[in-house]
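Residue numbering for the sequence shown follows the numbering used here, beginning at 1 and increasing consecutively.
Every residue gets a Cβ at the ideal spot worked out from N, C-alpha and C, and that includes glycine.
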Amino acid sequence: MPSATTSAPTPLTMDPSNLRRARHLFLLLLLSSLLSAVPASRAQEVSNSDFLFQLTPNSFLFPTSIFTPSSSSSSSSSSSSSSSSSSSSSSSSSSSSSSSSSSSSSRLASARQSGIFPGSNGAESAGSTQAAASSGKPVNRFKTGPIRRSPSPTQPSPRPSPKTSPRPSPKPSPSPSPRPPATQPDPIPPGGGEWAGPGRGAEYLVKLPPLPPRQQFNVRRFGALGNGAKDETRAFAAAFAAACSFGRAQNLPTAVIVPQGWYAVTYLEMEGPCGPGLVFKLDGVILGPTGPFVAPARDAVLSFSSIPRLMVSGRGAVDGRGAQWWRMWEAGQLRVDRPMLMTVYRCNNSVIQGITLRNPGTIHLKISRTIGAVVINVTTTSPSDSPNTDSIHISASRGVTVKRCTLHGGDDNVVIEAGSNNVRVEDTWCIAGHGISIGSLGDMGSTACVQNVVIKNVVLMALSNGLRIKTYQGGSGSVSNVSYRNVYMVNVKRPIVIDQHYCDRNSVSHCEESSDHAVAISDVSYSNIIGTTDYTEGIYLNCSSTVPCRGVTFKDINITPSASLREPLRPRIAHVFGGIRNVVAPKLFPRQIPMGPVPLYQQAAARRMASLCRMA
1 MPSATTSAPT PLTMDPSNLR RARHLFLLLL LSSLLSAVPA SRAQEVSNSD FLFQLTPNSF
61 LFPTSIFTPS SSSSSSSSSS SSSSSSSSSS SSSSSSSSSS SSSSSSRLAS ARQSGIFPGS
121 NGAESAGSTQ AAASSGKPVN RFKTGPIRRS PSPTQPSPRP SPKTSPRPSP KPSPSPSPRP
181 PATQPDPIPP GGGEWAGPGR GAEYLVKLPP LPPRQQFNVR RFGALGNGAK DETRAFAAAF
241 AAACSFGRAQ NLPTAVIVPQ GWYAVTYLEM EGPCGPGLVF KLDGVILGPT GPFVAPARDA
301 VLSFSSIPRL MVSGRGAVDG RGAQWWRMWE AGQLRVDRPM LMTVYRCNNS VIQGITLRNP
361 GTIHLKISRT IGAVVINVTT TSPSDSPNTD SIHISASRGV TVKRCTLHGG DDNVVIEAGS
421 NNVRVEDTWC IAGHGISIGS LGDMGSTACV QNVVIKNVVL MALSNGLRIK TYQGGSGSVS
481 NVSYRNVYMV NVKRPIVIDQ HYCDRNSVSH CEESSDHAVA ISDVSYSNII GTTDYTEGIY
541 LNCSSTVPCR GVTFKDINIT PSASLREPLR PRIAHVFGGI RNVVAPKLFP RQIPMGPVPL
601 YQQAAARRMA SLCRMA
């Protein structure tokens with residue numbers, strides 16, 4: 001017993017200096033391990049000070065190890081080598097730093113060629129962090145999933161050594177505020193910038209200085225109070241009319257400024273042309289109408305039409321207050337159509353950036369008959385059971401890019417409709433809803449054409465559908481050259497859907513094979529699709545027997561049942577020609593998809609349907 005009592009207090013008599021040294025050693029080891037886990041290529045390799053923003057892939061999605069599990073060792077070795085090169089370049093001259101930048105650029109190029117998911121490295125990440133910083137908002141808006149704040153784009157030096165001090169944090173902002181103050185002057189319209197052309201919307205560059213006061217039209221100067229108590233539609237209409245007429249008369253870009261506040265409106269119809277460019281700078285909250293629920297009603301709360309080089313930008317929001325519209329629509333008490341939240345019609349070379357769209361009567365944002373548009377850092381949010389609340393609806397437009405958006409709604413997260421081509425959806429989160437859809441196409445025997453669509457680097461969570469193409473029986477036209485790659489899914493009921501027998505509640509007669517006409521679907525590729533499904537029919541490929549799906553290929557697919565799914569997967573695959581390569585979960589495809597040849601009569605039918613698009 002005495003020996004036990006004498007040995008027990010030994011730790012309590014430890015020298016305090018030794019205890020402090022042990023603590024310091026532990027902290028240094030912990031900090032060193034944390035810093036080594038961060039890829040060194042996150043160092044800023046691109047200087048974008050000349051641009052208002054640059055549209056480049058984001059760095060907040062997932063680490064490369066998720067999409068390339070076999071290359072974890074190589075990625076870690078490259079990370080360590082880049083770390084050593086960056087530390088050595090910090091003590092060298094400007095010439096050595098330029099050589100380090102070129103070497104890291106070559107590493108990035110090789111990484112992209114090898115198919116690594118570009119979410120965490122290189123110049124693309126640097127450009128994306130600058131875009132996030134210039135928009136004045138944090139990347140993580142929903143706080144779901146492993147999103148990380150991007151570092152400040154103005155950090156010229158590499159990360160510090162663990163012996164000196166912890167890694168500096170990028171420009172701190174108040175944590176409870178979802179939108180910190182912007183660090184740049186008010187956005188200016190793209191009057192002097194150059195649009196890269198249809199299909200290359202991600203190269204929209206703006207180099208103009210801030211606008212002088214005489215070219216800015218603040219709605220407060222026209223009588224708006226911003227207290228949310230009265231209808232301020234007239235003040236907004238007057239500010240827009242003044243800005244538009246001034247820009248047209250003076251051939252100068254102008255801006256409508258909506259400062260912080262709450263602005264109740266009915267419907268704002270803003271129609272151009274308005275000179276070489278117009279900015280709608282939204283930092284307040286626009287509240288949509290709660291009635292009347294009888295005529296007259298308009299298409300949208302905010303409607304922009306025929307305004308080339310339009311930029312809608314800011315940290316504000318548009319709230320459609322759609323709950324009353326949803327209730328009355330479901331009860332069959334509405335005599336008018338529910339209003340959309342925002343429409344962009346014939347506004348070529350337009351940019352929508354940084355704003356939040358929430359609770360619309362029906363659609364959050366619709367872009368139609370527009371050539372060249374970029375939607376970046378936009379958040380849409382409405383309840384998952386809100387009816388027909390598509391997030392982004394693209395119709396009869398080309399050269400449209402959706403980038404770094406967070407889309408939460410009660411219907412399709414992204415819709416690509418007839419007449420659209422050269423559409424890209426990248427680095428985007430879709431949370432709740434019906435997924436990313438091409439269609440529905442061919443309703444009432446119509447001709448529908450969609451081509452050149454790229455969906456990549458997206459995350460889909462808790463959706464009824466993931467990647468979907470849907471067409472009606474009896475239609476015509478074609479869907480061609482569609483690429484899905486680097487997609488991560490969590491609990492998606494139907495991750496991959498091609499349905500040439502689509503029908504809604506009003507057209508059940510078209511659900512089955514009822515016509516020898518169908519929208520032809522060809523050249524659709526799925527690559528690097530990873531995730532879980534909580535539905536037995538996870539893969540649903542229901543193509544037409546007369547106009548089958550051709551050139552549908554699958555590569556590197558790993559979709560597994562979620563923990564809540566107690567039944568085996570039972571995919572449905574009919575009338576599909578293409579190929580399968582490296583499918584990790586063999587139960588997804590119980591039999592091989594035939595490579596072909598497609599029967600001659602089916603080839604002729606498909607060519608006949610597709611020829612209608614070329615004629616149009």
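- Using a Cβ-Cβ cut-off of 8 Å, state whether GLY372 counts as contacting chain D. Among the protein chains of the structure shown there is no chain D, as only one such chain exists.
- Query: How should GLU232 be labelled, buried or exposed, when 16 other C-beta atoms within 10 angstroms of its C-beta is the threshold for buried?
  - Reply: buried
- Exposure label - MET461; buried when at least 16 CB within 10 Å: buried
- GLU537 to CYS449, Cα distance in whole Å? 28 Å
- Item | Exposure of LEU27, with buried meaning 16 or more beta-carbon neighbours within 10 Å | exposed
- Item | Backbone secondary structure at GLU426 - three-state DSSP | strand
- Look at the alpha carbon of ILE530 and the alpha carbon of ASP337, and state the distance between them as a whole number of angstroms. 39 Å
- Let me know if SER230 comes out buried or exposed under the rule of 16 or more other beta-carbons within 10 Å of its beta-carbon. According to the sequence as given, residue 230 is Lys; it is not Ser. LYS230 is exposed by the Cβ-count criterion.
- Message: Quick check: what's the CA-CA separation for MET489 versus THR533?
- Response: 8 Å
- Query: Applying the criterion that 16 or more other CB atoms from any shown protein chain within 10 Å of the CB defines a buried residue, is GLU417 buried or exposed?
  - Reply: buried
- Applying the criterion that 16 or more other CB atoms from any shown protein chain within 10 Å of the CB defines a buried residue, is GLY433 buried or exposed? buried
- Query: So what's VAL219 in DSSP terms, helix, strand or just coil?
  - Reply: helix
- Task: Would you grab the beta carbon distance between ARG369 and ALA396 for me? Rounded to a whole angstrom, and I think it's under 8 Å.
- Result: 5 Å
- Does DSSP classify GLN353 as helix, strand or coil? strand
- Message: Short of 6 Å in beta carbon distance, which residues of its chain neighbour GLY261, apart from the five on each side in sequence? Order them along the chain.
- Response: GLY226 and GLY284
- So SER440 and LYS470 are in contact, right, with Cβ under 8 Å, and what is the actual spacing, rounded? 5 Å
- Bridge partners of VAL375, per DSSP? ILE352 and VAL402
- Item | Chain-order list of residues whose beta-carbon lies under 6 Å from that of GLN500 (same chain, five-residue window excluded) | THR471, ALA518, CYS543 and SER544
- Could you check if GLN324 is buried or exposed, using at least 16 other CB atoms within 10 Å of its CB as the buried criterion? exposed
- In chain order, what residues of the same chain lie with their CB nearer than 8 Å to the CB of PRO212, ignoring the 5 residues before and after it? none
- Whole alpha helix (DSSP H) runs in the segment 443-526 with 4 or more residues, listed along the chain? none
- Item | SER480 classed as buried or exposed, judged by whether at least 16 other C-beta atoms fall within 10 angstroms | buried
- Three-state secondary structure (DSSP) of GLY247: helix
- Is TYR267 closer than 8 Å to VAL301 when the C-beta atoms are compared? yes
- Item | Spatial neighbours of SER420 in its chain, beta-carbon cut-off 6 Å, leaving aside the 5 residues before and after | ILE394, SER397 and VAL450
- Query: Would you say the beta carbon of MET311 comes nearer than 7 Å to a heavy atom of the ligand ATP?
  - Reply: Among the components modelled here there is no ligand, and therefore nothing to report on the ligand ATP.
- Measure from the alpha carbon of SER437 to the alpha carbon of each residue in ASN452, GLY466, ASN422 and ARG327, then state which is nearest. GLY466
- List the whole-angstrom C-beta distance separating PHE217 from ALA249, where the pair is believed to meet the contact cut-off of C-beta under 8 Å. At roughly 13 Å, the Cβ-Cβ gap does not stay under 8 Å, so PHE217 and ALA249 are not in contact.
- Please list, in chain order, all residues of the same chain as VAL482 whose beta carbon is under 6 Å from its beta carbon, the five residues on each side excluded. VAL453 and VAL524
- Query: Is GLY322 near SER382, with beta carbons less than 8 Å apart?
  - Reply: yes
- Specify, as a first and last residue, the run of the beta strand (DSSP E) that ALA300 falls within. 300-305
- Task: Assuming VAL410 and THR389 form a contact by the criterion Cβ under 8 Å, report the distance between their Cβ atoms to the nearest whole angstrom.
- Result: Just to set this straight, residue 410 is Gly in the shown sequence, not Val. Correct: roughly 4 Å between the Cβ atoms.
- Looking at C-alpha atoms only, which residue of SER391, ARG570 and ASP556 is the closest neighbour of LYS366? SER391
- Message: Which of the three DSSP states is assigned to CYS549 in this structure?
- Response: strand
- Query: What separation, rounded to the nearest whole angstrom, lies between the Cα atoms of VAL547 and ALA574?
  - Reply: 12 Å
- Message: Rounded to the nearest angstrom, what separates ASN528 and GLY223 at their Cα positions?
- Response: 54 Å
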